[in-house]
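In short: position in the sequence shown from 1, add 31, done, that's my numbering.
Yeah, the Cβ is synthetic: ideal placement off N, Cα and C, and Gly gets one too.
To start, the structure under review is shown below, and the notes come after it.
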Amino acid sequence: MKNPSPEKSINLFHCLNELKDNSIVQEVQTLLSRGGDHCFSGARLSPAQWSALVFVLLNSEEKLDEFDLSKYDPSEESLLRLLPLVTASRKTMLSNCKITEEGCAALASALRSNPSSHLRELNLNHNEPGDSGVKQLSALLEDPHCKLEKLECITVSLFLYFSLSLTHTNSPTHIHIYIATLFLSPSLFLIVGFSPSLYRLTWCSITHEGCAALASALRSNPLSHLRELNLNYNKPGDSGVMQLSALLEEPYCKLEKIQLSWCGITDEGCAALASALRSNPSSHLRELNLNYNKPGDSGVKQLSALLEDPHCKLEKLDLCNCSIPEEGCAALASALRSNPSSHLRELNLNQNNLGDSGVKQLSALLEDPHCKLEKLE
Numbered sequence: 032m033k034n035p036s037p038e039k040s041i042n043l044f045h046c047l048n049e050l051k052d053n054s055i056v057q058e059v060q061t062l063l064s065r066g067g068d069h070c071f072s073g074a075r076l077s078p079a080q081w082s083a084l085v086f087v088l089l090n091s092e093e094k095l096d097e098f099d100l101s102k103y104d105p106s107e108e109s110l111l112r113l114l115p116l117v118t119a120s121r122k123t124m125l126s127n128c129k130i131t132e133e134g135c136a137a138l139a140s141a142l143r144s145n146p147s148s149h150l151r152e153l154n155l156n157h158n159e160p161g162d163s164g165v166k167q168l169s170a171l172l173e174d175p176h177c178k179l180e181k182l183e184c185i186t187v188s189l190f191l192y193f194s195l196s197l198t199h200t201n202s203p204t205h206i207h208i209y210i211a212t213l214f215l216s217p218s219l220f221l222i223v224g225f226s227p228s229l230y231r232l233t234w235c236s237i238t239h240e241g242c243a244a245l246a247s248a249l250r251s252n253p254l255s256h257l258r259e260l261n262l263n264y265n266k267p268g269d270s271g272v273m274q275l276s277a278l279l280e281e282p283y284c285k286l287e288k289i290q291l292s293w294c295g296i297t298d299e300g301c302a303a304l305a306s307a308l309r310s311n312p313s314s315h316l317r318e319l320n321l322n323y324n325k326p327g328d329s330g331v332k333q334l335s336a337l338l339e340d341p342h343c344k345l346e347k348l349d350l351c352n353c354s355i356p357e358e359g360c361a362a363l364a365s366a367l368r369s370n371p372s373s374h375l376r377e378l379n380l381n382q383n384n385l386g387d388s389g390v391k392q393l394s395a396l397l398e399d400p401h402c403k404l405e406k407l408e
């Protein structure tokens with residue numbers, strides 16, 4: 032057996048321990064006694080010595096609460112040798128360990144094959160999992176036996192991150208996930224099937240393909256608890272927004288808040304959103320952020336028509352820096368005046384070209400006793 036699996040190697044060491052043959056274990060204990068970070072870096076351990084390290088740590092009198100790969104050798108090769116320590120620990124730190132899709136696949140496989148794993152927190156910051164690696168992690172999170180409560184995966188070139196709060200359908204456990212992607216080599220996040228309450232996918236270079244995958248995954252899970260979706264500073268464009276709009280048409284969609292700031296949305300995307308919300312009177316959507324997009328006159332008219340609809344439940348609409356002229360402002364004001372049952376409480380029109388006429392229209396709207404706006408910017 033040239034390179035047995037870590038699990039088989041551990042069993043072999045148990046046998047050697049019974050036979051009082053501790054030579055390899057003692058070699059590893061000597062290396063461990065050096066202490067300090069990266070104590071195994073450059074040590075060129077044999078497969079047997081790696082297995083001995085696993086054996087020693089798993090059989091230590093100290094409880095393996097946290098496993099930090101950087102303390103030994105921050106590399107994917109080392110991770111593959113030490114996977115049993117990952118499943119045995121409550122928290123695993125793999126930050127900046129050169130983990131690629133291969134390592135992510137191995138991690139996901141190890142955790143899926145070990146439903147009794149103790150792992151609750153996994154840190155994969157500053158690695159390059161790639162699309163394939165992210166898919167592997169996403170599939171892992173779909174598994175009802177997965178007990179992860181926190182997953183961090185922030186890559187080197189971004190200082191912004193997103194967090195997800197997930198609630199499994201069959202478990203009250205809350206999962207917090209932080210993921211961002213490298214702008215120069217953006218990963219396409221295909222987050223699927225599990226039941227989150229909040230997605231923040233800010234600055235992830237997500238395109239229409241990512242939106243299509245996300246929408247498809249959520250449509251395939253009618254029991255999803257998704258309430259908030261933050262796609263600010265991505266690149267879904269109108270095509271991606273149309274995919275999300277199709278999701279909003281579904282009667283089981285429970286989305287209450289969508290943030291699409293700086294997403295390259297034009298009148299077509301706005302029309303799709305407005306149409307979806309009008310066609311679904313049971314929509315739960317309460318907040319819509321379209322800041323820094325280009326809805327144009329047509330898009331603003333579509334949104335105004337939506338606000339006129341007595342079934343529209345929007346309470347907050349953000350249209351900051353959307354190049355809205357006086358005519359668009361007038362259309363919005365007219366829509367709100369004509370719908371005394373409007374639920375809208377907050378309207379953000381900062382940094383637009385409202386002109387004197389637009390400002391007068393808004394002032395007149397606020398004076399209307401039927402107007403329920405509480406905050407106008």
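- The beta strand (DSSP E) runs lying completely inside the segment 329-355 and spanning 3 residues or more are 347-349, given in chain order.
- Excluding five sequence positions before and after residue 270, the CB atoms of its chain that fall closer than 6 Å to its own CB belong to 239, given in chain order.
- Using a 10 angstroms sphere on the CB of residue 91, the tally of other CB atoms stays under 16, which defines it as exposed.
- Its chain contains 322, 323, 381, 382 and 383 as the residues whose beta carbon lies nearer than 8 Å to that of residue 352, once the 5 sequence neighbours on both sides are disregarded; these appear in chain order.
- Rounded to whole angstroms, the gap between the alpha carbons of residue 295 and residue 325 is 7 Å.
- In the DSSP assignment, residue 391 falls within the unbroken alpha helix (DSSP H) covering 386-398.
- Cβ contact annotation for residue 299 (same chain, cutoff 7 Å, sequence separation greater than five): 269, in chain order.
- Annotation for residue 290: the continuous beta strand (DSSP E) segment containing it runs 288-290.
- The shortest C-alpha to C-alpha distance from residue 305 to any of 313, 288, 343 and 327 is the one to 343.
- Residue 96 carries a coil assignment under DSSP once its states are collapsed to helix, strand and coil.
- Ranked by Cα distance from residue 355, the options 330, 149 and 281 are led by 330.
- Rounded to the nearest angstrom, the Cβ distance from residue 388 to residue 363 is 13 Å, too far for a contact under 8 Å.
- C-alpha of residue 150 to C-alpha of residue 79: approximately 25 Å in a straight line.
- Here residue 340 has 309 as same chain residues with Cβ atoms under 6 Å from its own Cβ, once five neighbours each way along the sequence are excluded.
- Excluding residues up to 5 positions away in sequence, 246, 249, 250 and 284 lie with their Cβ nearer than 7 Å to the Cβ of residue 278 in the same chain.
- Cβ-Cβ distances below 7 Å link residue 174 to 143 in the same chain, with the five nearest sequence neighbours on each side left out; the list follows chain order.
- Here the alpha carbon of residue 307 sits roughly 22 Å from the alpha carbon of residue 371.
- Residue 116 carries a helical assignment under DSSP once its states are collapsed to helix, strand and coil.
- Sixteen is the threshold: when 16 or more other Cβ atoms of the shown chains lie within 10 Å of the Cβ of residue 85, as they do, the residue is buried.
- The beta carbon of residue 177 lies closer than 7 Å to those of 142 and 171 in the same chain, with the five residues before and after it left out.
- Exposed is the label assigned to residue 406, since fewer than 16 other Cβ atoms lie within 10 Å of its Cβ.
- Here the C-alpha atom of residue 328 lies approximately 14 Å from the C-alpha atom of residue 366.
- Closest by C-alpha distance to residue 274, out of 121, 243, 286 and 302, is 243.
- The C-alpha of residue 373 lies about 30 Å from the C-alpha of residue 265.
- Take residue 360, set aside five residues on each side of it, and the residues of its chain with a beta-carbon closer than 6 Å to its own are 385, 389 and 392, in chain order.
- Taken through DSSP and simplified to helix, strand or coil, residue 285 comes out as coil.
- For residue 280, the enclosing alpha helix (DSSP H) begins and ends at 268-280.
- Residue burial is scored here from C-beta neighbours: residue 302 has at least 16 other C-beta atoms within 10 angstroms and is therefore classed as buried.
- The beta carbons of residue 161 and residue 132 sit about 4 Å from each other, so the pair counts as a contact at 8 Å.
- Under the DSSP assignment, residue 153 falls in the beta strand (DSSP E) whose first and last residues are 152-154.
- In terms of Cβ geometry, residue 98 and residue 77 do not form a close pair [threshold 8 Å].
- One Cα belongs to residue 403, the other to residue 375, and the distance between them is close to 7 Å.
- Nearest in C-alpha terms to residue 108, of all of 118, 94 and 125, is 125.
- Between the C-alpha atoms of residue 267 and residue 88 there is a straight-line separation of about 46 Å.
- With respect to residue 93, residue 122 sits apart: the two C-beta atoms are not nearer than 8 Å.
- Around residue 113, the same chain offers 37, 81, 84, 85, 98, 100 and 103 as residues with beta carbons nearer than 8 Å, after the five sequence neighbours per side are excluded.
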